Amino acid sequence: SLQRELYWARESLILAWGSTTGLQIKMGIDLNIWLGYRGWHMDLAENSLLNKLIRKSLVESNHHVEVLQRDPSSPLFSVKTFEELHLKKELLQGIYEMGFNRPSKIQETALPMMLADPPQNLIAQSQSGTGKTAAFVLAMLSRINGAEKFPQCLCLAPTYELAVQTGQVVEKMGNLCVNIRVAYAVRGNRLPRGTKIEEQIIIGTPGTVLDWCFKLKLLDVKKISVFVLDEADVLIDTQGFLDQSFRIQRTLPQHCQMLLFSATFEDTVLRFAKQIIPDPNIIKLRREEMTLTNIRQYYFLCENKQDKYKALCNIYGSITVGQAIIFCQTRRNANWLSQELSQDGHQVSVLSGELTVEQRAAMMTAAWNPVISRI
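With the UniProt record's numbering as the guide, the letters of the sequence shown map in order to residues 1 to 375.
Here you go:
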């Protein structure tokens, strides 16, 4: 059976190119496709980043959420408008300027918990495109004292690119908040030991954050009031990140609010979440509703590489699409496919781990120019 774990966005063509004979095609929202092989595994971080990049608006969702409260006797609140949250004027305006008219399904339930006084810890399952990044960014911005020039919120992300994506949401939503700034604890952003960090929000990968906290002594973790673990399923899938996340969490003060988000709630993810987030409220999707309803999926078999390439060309010839992303299992496949497509007149860029962080960031920005297809 075809697994339905990838959720793609409108007007983008997504292809995954495997290494043996076989061809899977997924058609997502409107007309989106995944080409790949049975048994082929896509990197979770790339999957997550791709979803963030191609979703420019909220995904329509009719999911029913299950809420497990820390205190079952407490009343359960939800909101239908952002005004009900009694936000600061500049935050409310920032939300509307981002195009949010009303809370999404996950935001309706999660925001009252995240903004509660006293703060409550939260574990939440939320797919990309449902507004979860905006939700925890709003929680961070609501807790910050802009007059205090030291880190107050810490967000862990699995990769540089995902950290930058979150930072962009902070900057957009908080553009009217005076004196609130973001620093990125990521590979390549080297600060001398003893540097005084005045940014209130730190977003970074676990390894670099760990260095900033304990090797370079750049962060006073005892002053952190909000701790966010984003893309938890990706974090635990990356070697070393699980232990590094625990080491950071153990040093945080007792009053620190802790928030964890994951697109999936497999047993390993939920076990990790309950270990690292004390006394949490838990929001999760009903298991039968974890796949978005507007995804159409197709599966094809091919005999060899040339057959696959012909299938790819047929798709390009029959579908009107402005952008395409083709995932290859090896760099050799990516380079071969790039040459073939270029010879047939397509504009192609190749993105791989050989590039520096800066090159990858520039490539991703350029990739969403409508005239460029990205491989």
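Here a beta-carbon is modelled for each residue, glycine too, at the ideal position from N, C-alpha and C. The model shown is predicted, which means the values in this text are computed figures rather than measured ones.
Boundaries (first-last residue) of the beta strand (DSSP E) holding residue i
i, result
"His258", "Reading off the sequence shown, one finds Met at residue 258, where the question assumed His. Here the beta strand (DSSP E) through Met258 covers 257–262."
"Ile325", "324–328"
Counterpart residues of residue i in DSSP-defined beta bridges
i, result
"Leu285", "Val65"
"Phe227", "Leu154, Met258"
"Tyr184", "Ile203"
"Phe100", "Phe100 is not bridged to any residue."
Cβ-Cβ separation, residue j to residue i (assumed contact under 8 Å), whole Å
i, j, result
"Arg195", "Leu218", "Note that residue 195 corresponds to Thr in the displayed sequence, not to Arg. With a Cβ gap of about 6 Å, Thr195 and Leu218 count as contacting."
"residue 381", "Leu260", "Within the shown structure, residues of the chain are numbered from 1 to 375, placing residue 381 beyond reach of any answer."
"Leu281", "Met113", "A small fix is needed here, since residue 281 is Asn in this sequence, not Leu. Yes, they are in contact, since the Cβ atoms of Asn281 and Met113 sit about 5 Å apart, within 8 Å."
"Asn121", "Pro278", "6 Å"
"Ala157", "Glu231", "6 Å"
"Ser349", "Ala366", "7 Å"
"Leu216", "Leu191", "7 Å"
"Ile201", "Val182", "5 Å"
"Phe272", "Ile236", "5 Å"
"Tyr309", "Glu340", "6 Å"
"Arg332", "Glu354", "With 8 Å as the limit, Arg332 and Glu354 do not qualify as a contact, their Cβ atoms being about 12 Å apart."
"Gln257", "Pro72", "About 20 Å; that fails the 8 Å criterion."
"Ser142", "Leu115", "6 Å"
"Thr166", "Ile203", "5 Å"
"Val169", "Tyr184", "No, Val169 and Tyr184 are not in contact; Cβ-Cβ is about 13 Å, not under 8 Å."
"Phe136", "Val234", "Their Cβ separation, rounded to whole angstroms, is 15 Å, which puts Phe136 and Val234 out of contact at 8 Å."
"Gln127", "Ala263", "5 Å"
Endpoints, alpha helix (DSSP H) assigned at residue i
i, result
"Phe246", "241–250"
"Ser338", "331–343"
"Asp279", "Careful: Asp279 lies outside any alpha helix (DSSP H) and carries neither H nor E."
"Thr166", "160–173"
"Cys313", "305–318"
"Asp233", "232–235"
Review point. Hey, is the region 104–112 in contact with the region 125–137, meaning 3+ C-beta pairs nearer than 8 Å?
Key: yes
Point to revise | At least 3 beta-carbon pairs within less than 8 Å: the region 239–247 vs the region 171–181 | key: no
Point to revise | Inter-stretch contact at 8 Å, needing at least 3 Cβ pairs: the region 151–169 / the region 223–231 | key: yes
Practice item. Count the C-beta pairs between the region 66–73 and the region 85–98 that are closer than 8 Å, then say yes if the count reaches three, no if not. Key: no
Point to revise | In chain order, each beta strand (DSSP E) run of at least 3 residues that lies wholly inside the region 109–156 | key: 122–125, 153–156
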